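*Asks:* Mind having a look at this structure? Questions to follow.
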Amino acid sequence: AMLREGIKRATQRGLSQSQLEWLEGNAEKLPIEDNSIDVYTIAFGLRNVTNTSAALADAHRCLKPGGKYMILEFSHVESEPLKSVYDFYSFNVIPKLGEIVARDRDSYQYLVESIRKFPTQEKLKTMMRDVGFKHVTHENLTGGMVAIH
Amino acid sequence: ASASASASASARGETDTRAEADASDRAVLRERILRAALKRVDEHGFSDAAVDAGLRDLKLSPASRANALGRDGSSGAASACGPGALAGELVGYFEEACDAAFHAKVVENADKLSTLNSSDRIEWLVKTRLEYVVPRLDAWPRALATMASPQNALATFKRRASLADDIAQAADIAHVDILPAELDGARWYAERATIVALYAAVELHLATDTSKDFRKTWAFLHARVRDLATARTSALELKSYVDVLARAAGLDPARSDVASAMAASALRAASRAPFAARILAPWIAGARSKP
């Protein structure tokens, strides 16, 4: 379903089928050769992979030496008072909205809990270095609600 | 509370050492890439293409281009890698290497330099530094254009100012010119500015010189250094002349010193005009004769 959505958006933007290749695979074990890609981006997907380290290791495998890995994901807000406001909003408002608008309180409860379970900015950088990445940096957006690694 | 404070302090310490390790990693990678790119300058000139060729030689992905700049990737580095940024970085790396080698050579030849008079010293210094450019002369006009571009101009200026300082100190001109203390500061800047101008003029001449062993350029250098010496001598003569007149007229000696020094500087400034014209003439002539 997501692939269909992706293909639809690409054709809307005028990209022909021949310019892009669409694959479905497991982020922990992608059907892509070793040392074959220049850039790997993953947006709001890493949190949903069961074994984060395995996904990072697989990214390292697929990328060429000198290639770039870029992760966009929800992350942790450290500084007050933003943290308290964000926590309050996450646990009290978002599930309620999910219940009212999407009639699915549980999914949104899962969402905010999984965000808290995801590694912090520094922890994720350490995990990336452990797997073999060099020059690991991160950039916080909106005080850390989202981060680019 | 104290346990968590020390934990976060040690975590910060760890991230500091991590940051240092990362920074030196980045510097090492930048060196590797630029050195590989320098080997490709003969084919591609000092350009982004040379850096790309260098990356290919190192078997690194082209996604690594920004690593040649050696910057922390965390703040919109993609925008910093505009066209010509890599070329500028490559030329800067080459110039810094030349400056370092030149500095070492000057130190090595300190004895020889002390036997020469200040004009000959300046001539030797400028010639020696420019000889480092000779092996890359084919690529040099484009390199000069890159260095002069807005995004690279500041870095170029800093490097050239530092080189001028090196040359001025080695040439030790300060002993020849005796000015009153008030104008000493201005003289320091005037010296460096003159050297930068002289170096740039000779460098331009070199870039378009087709004579054997660049005879014409070295003759040009010799003549310009003579010009400077003449201007200085006349300025000094004028200064002492004004000084004598002032004392004869009974003026306050301190004021007359300043007055004569000012007159000397004015004369030097006036003498720059023909100097500047002579610098530009061969370059313009050369540029005009090109197809």
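So the protein sequences, as listed, match chains A and B. Going by this note's numbering, the residue at position 134 of the first sequence is 134; the numbering climbs one at a time, nothing skipped. Going by this note's numbering, the residue at position 103 of the second sequence is 1103; the numbering climbs one at a time, nothing skipped. Ideal Cβ positions, reconstructed from N, Cα and C, are used throughout, including at glycine. Every value quoted in this text rests on a predicted model; they were computed, and no experiment measured them.
Mind checking the stretch 1032-1066 of chain B against chain A and listing, in chain order, the residues whose C-beta falls within less than 8 Å of any C-beta there?
*Replies:* 1055, 1058, 1059, 1060, 1061, 1062, 1063, 1064
*Asks:* Skipping 5 residues on each side, what residues in its chain have a beta carbon closer than 8 Å to that of residue 1119/B?
*Replies:* 1225, 1226, 1228, 1229
*Asks:* Is there a Cβ from chain A that is less than 8 Å from the Cβ of residue 1026/B?
*Replies:* yes
*Asks:* For residue 1197/B, which beta-bridge partners are listed by DSSP?
*Replies:* DSSP lists no partner for residue 1197/B.
*Asks:* Could you name the residues of the same chain whose beta carbon sits closer than 7 Å to that of residue 1070/B, not counting the 5 residues immediately before and after it, in chain order?
*Replies:* 1026, 1027, 1030
*Asks:* In whole angstroms, what is the alpha-carbon distance linking residue 1161/B and residue 19/A?
*Replies:* 50 Å
*Asks:* So the beta strand (DSSP E) residue 74/A belongs to, where does it begin and stop?
*Replies:* 63-74
*Asks:* When you compare the CB positions of residue 112/A and residue 100/A, do they come within less than 8 Å of one another, or not?
*Replies:* no
*Asks:* Between which two residues does the alpha helix (DSSP H) carrying residue 38/A extend?
*Replies:* Premise fails: residue 38/A lies in the beta strand (DSSP E), 37-43, not in any alpha helix (DSSP H).
*Asks:* Is the beta carbon of residue 56/A sitting closer than 8 Å to the one on residue 128/A?
*Replies:* yes
*Asks:* Can you give the beta carbon distance from residue 144/A to residue 85/A, rounded, assuming they're within the 8 Å contact cut?
*Replies:* Their Cβ separation, rounded to whole angstroms, is 13 Å, which puts residue 144/A and residue 85/A out of contact at 8 Å.
*Asks:* What is the DSSP secondary structure of residue 15/A, counted as helix, strand or coil?
*Replies:* coil
*Asks:* Residue 146/A versus chain B: which residues are under 8 Å apart at the beta carbon?
*Replies:* Those do not exist, as residue 146/A stays about 14 Å from chain B at its closest Cβ, beyond 8 Å.
*Asks:* What are the boundary residues of the beta strand (DSSP E) that residue 147/A is part of?
*Replies:* 146-148
*Asks:* In chain order, which continuous runs of the alpha helix (DSSP H) of length 4 or greater are located wholly inside the stretch 1121-1181 of chain B?
*Replies:* The qualifying runs are 1140-1148, 1150-1171.
*Asks:* Is DSSP giving residue 1090/B helix, strand or coil here?
*Replies:* helix
*Asks:* So who's on the other strand from residue 29/A, going by DSSP bridges?
*Replies:* Answer is 26/A, bridged to residue 29/A.
*Asks:* Does the beta carbon of residue 131/A come closer than 8 Å to any beta carbon on chain B?
*Replies:* no
*Asks:* Could you work out which residues of chain B lie near residue 67/A, taking near to mean beta carbons separated by less than 8 Å?
*Replies:* Going along chain B in sequence order, the residues near residue 67/A (Cβ under 8 Å) are 1061, 1063, 1064.
*Asks:* When you compare the CB positions of residue 66/A and residue 1055/B, do they come within less than 8 Å of one another, or not?
*Replies:* yes
*Asks:* When DSSP labels each residue in this structure, what does residue 139/A get in the three-state scheme?
*Replies:* Correct three-state label for residue 139/A: strand.
*Asks:* What is the DSSP secondary structure of residue 978/B, reduced to helix, strand or coil?
*Replies:* The question about residue 978/B has no answer, for chain B in this structure spans 1001 to 1291.
*Asks:* Taking 6 Å as the limit between beta carbons, can you name the residues of its chain near residue 130/A, skipping five residues before and five after?
*Replies:* none
*Asks:* Does DSSP put residue 104/A in a helix, a strand or coil?
*Replies:* coil
*Asks:* Whose Cβ in chain B lies nearer than 7 Å to the Cβ of residue 39/A?
*Replies:* 1063
*Asks:* At a CB distance below 9 Å, what residues from the stretch 57-89 of chain A approach chain B? Give them in sequence order.
*Replies:* 63, 64, 65, 66, 67, 68
*Asks:* Since residue 1095/B contacts residue 1159/B with CB under 8 Å, what's their CB separation in whole angstroms?
*Replies:* 6 Å
*Asks:* Considering only their Cβ atoms, is the gap separating residue 1102/B from residue 1128/B smaller than 8 Å?
*Replies:* Yes. Within cutoff.
*Asks:* Assuming residue 1061/B contacts residue 1087/B (C-beta within less than 8 Å), just tell me the rounded distance between them.
*Replies:* So it is not a contact: roughly 20 Å between Cβ atoms.
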